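If you read the protein sequences in the order shown, they are chains A and B. Under the numbering used here, think of the first position of the first sequence as -13, with each following residue one higher. Under the numbering used here, think of the first position of the second sequence as -13, with each following residue one higher. Notes for the one structure printed next.
Protein chains: 2
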Amino acid sequence: MKIRVFITLKAGVLDPQGKAVLQALSAMGFDQLRDVRQGKVIELDLDESDPEKAAAAAREMCERLLANTVIEDYTLDIQQ
Amino acid sequence: MKIRVFITLKAGVLDPQGKAVLQALSAMGFDQLRDVRQGKVIELDLDESDPEKAAAAAREMCERLLANTVIEDYTLDIQQ
């Protein structure tokens, strides 16, 4: 079973990487941009057929290693 | 309109960051993992109400700046 984990900075947390991308795109002439934020996506391939158990394991991985829950939010997308 | 851009390494391209996460999680006792791959997610907030125009602009941003299309694939997720 594959699970996609999206890790994004919480609203209000400064995102210098996103700001740099915004400035670069604006300088290239993309003037319709209001904001850009950058995050991570981690694709987990789990040897587990039960979606609930796989999601529970992925959530534990996020809490213990993948996400810094002080400043980051994570969401799971269970693929198959 | 918000568009999420997912940028992932193409299949077959070595992903040392993903391998490091896989090893760390395995060492923590998560033994059900088969593979981990890491990518980027970029959230674009566009001042554009036409989904087709917004997607076309996002695709051009990917081709010109956001993705290295030699080794990376990108997919768009149009949110609202």
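Just so you know, even glycine gets a beta-carbon here, dropped at the ideal spot from N, CA and C. Since this is a predicted model, take the numbers as computed values, not measurements.
- If you look at R(-10)/B, you'll find it in the beta strand (DSSP E) that goes -12 to -5.
- One alpha carbon belongs to T55/A, the other to F(-8)/A, and they sit about 13 angstroms apart.
- Inclusion of L0/B and L30/A in the CB contact set at 8 angstroms is not warranted, their separation being larger than that value.
- A contact between stretches requires three or more CB pairs, one per stretch, nearer than 8 angstroms, and the region 10 to 17 of chain A fails this requirement with the region 41 to 50 of chain A.
- Against chain A, the beta carbon of L0/B has no neighbour under 9 angstroms; the closest one sits roughly 15 angstroms away.
- Look at G(-2)/B here: in three-state DSSP terms it is coil, with no helix or strand label.
- An exposed status is given to I57/A, since fewer than 16 other beta-carbon atoms sit within 10 Å of its beta-carbon.
- Straight across, the Cα-Cα distance linking K(-4)/B with R23/B is about 10 angstroms.
- Contact between G(-2)/A and V27/B fails: their C-beta atoms lie close to 18 angstroms from each other, not under 8 angstroms.
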